[in-house]
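Structure, as structure tokens:
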């Protein structure tokens, strides 16, 4: 999420001028809304000498069922508590309920940050 900074107006209505421009680490980036589809990853530079891998599209999830973990294919998004429109647009975020080949599962990872989908089966 982009940080917009504080309001340019005072409580009294007067103007408040910024004392400096944003530094590199204060800038934000647009969110990557991971959709269901053929796997496409994007690498972005992160703070420090690191990189983040973001999933633009994915159709594979690691689904955990108790002790074992299975690779499953994602069919569609059933429910997304963060935004009801995300379920209609097949956007995967953390907490989303997805329909997989193993059954319905809840996403526990952040695909827009980690580049992979980890999920737990829902009874």
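Numbering (the working numbering), first residue to last: 7 to 129. C-beta atoms are modelled at their ideal positions from N, C-alpha and C, and glycine is treated no differently.
Assigned secondary structure, residue i (DSSP; H/G/I helix, E/B strand, else coil)
i: residue 32; result: helix
i: residue 110; result: strand
i: residue 102; result: coil
i: residue 17; result: coil
i: residue 60; result: strand
i: residue 126; result: strand
First and last residue of the uninterrupted beta strand (DSSP E) at residue i
i: residue 70; result: 66 to 71
i: residue 78; result: 74 to 85
i: residue 46; result: 46 to 52
i: residue 13; result: Taken as a continuous stretch (DSSP letters only), residue 13 belongs to no beta strand (DSSP E), as it is neither H nor E.
i: residue 40; result: 40 to 42
Beta-carbon proximity check, residue i vs residue j, cutoff 9 Å
i: residue 85; j: residue 111; result: no
i: residue 73; j: residue 123; result: no
i: residue 98; j: residue 49; result: no
i: residue 127; j: residue 70; result: yes
i: residue 146; j: residue 44; result: Residue numbering for the chain in the displayed model covers 7 to 129; residue 146 lies beyond these limits and cannot be assessed.
Euclidean distance between Cα positions of residue i and residue j
i: residue 29; j: residue 66; result: 37 Å
i: residue 94; j: residue 104; result: 12 Å
i: residue 20; j: residue 12; result: 14 Å
i: residue 78; j: residue 18; result: 57 Å
i: residue 56; j: residue 121; result: 14 Å
i: residue 80; j: residue 90; result: 19 Å
i: residue 107; j: residue 92; result: 20 Å
i: residue 96; j: residue 82; result: 6 Å
i: residue 52; j: residue 59; result: 10 Å
i: residue 14; j: residue 25; result: 11 Å
i: residue 27; j: residue 10; result: 12 Å
Range covered by the alpha helix (DSSP H) that runs through residue i
i: residue 119; result: 117 to 120
i: residue 91; result: 90 to 94
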